[in-house]
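Residue 318 is where the sequence shown starts when you use my numbering, and the numbers rise one by one after that. Every residue gets a Cβ at the ideal spot worked out from N, C-alpha and C, and that includes glycine. Model, not experiment: these values are computed from the prediction.
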Amino acid sequence: SETDAVAVQMMLGVLRKKQLQRQFRGRSSEAHDRRAQRYLDSFDAIWNLQTALLDEARAAGVPVLVNDNLDSALTRVMRTITAAVLADSEKIVALKKHKTT
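In structure tokens:
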């Protein structure tokens, strides 16, 4: 059956440890209630969890998008969504053509 929704799977990940640490420190300066030290104290556990989640995503064929910079990550997310919507639209058009023939 047809639907008006398109579910787009993706996983964002910071692939370099130093970059993730910088992002945690940056959160602290942007929002004072988010203390960077809390994240940094648990950094190894957070890194290992992210690594496991990214491995699972790759194994399942879910795109992993690099989250190294807000603007770049947003561009990657929008491109992934756009590609999925276009692919879904093409499938719907093909099905409608097939039904009419």
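Open item on the list: Need the endpoints of the beta strand (DSSP E) that L329 sits in, please.
Closed with: M328 to G330
Task: DSSP state of V381 mapped onto helix, strand, coil - done: strand
- [ ] Could you name the residues of the same chain whose beta carbon sits closer than 8 Å to that of R342, not counting the 5 residues immediately before and after it, in chain order?
- [x] A353 and L357
Open item on the list: Taking contact to mean 3 or more Cβ pairs, one atom from each stretch, closer than 8 Å, check whether the stretch 327-337 and the stretch 380-387 are in contact.
Closed with: yes
Task: Cα-Cα separation, F360 to E373 - done: 20 Å
Task: Proximity winner among Q326, A322 and K334, relative to L366 (alpha-carbon distances) - done: K334
Task: Continuous alpha helix (DSSP H) stretch holding R375: start and end - done: F360 to A376
- [ ] Determine the DSSP secondary structure at V394, reduced to helix, strand or coil.
- [x] helix
Open item on the list: Quick check on DSSP: helix, strand or coil for V323?
Closed with: coil
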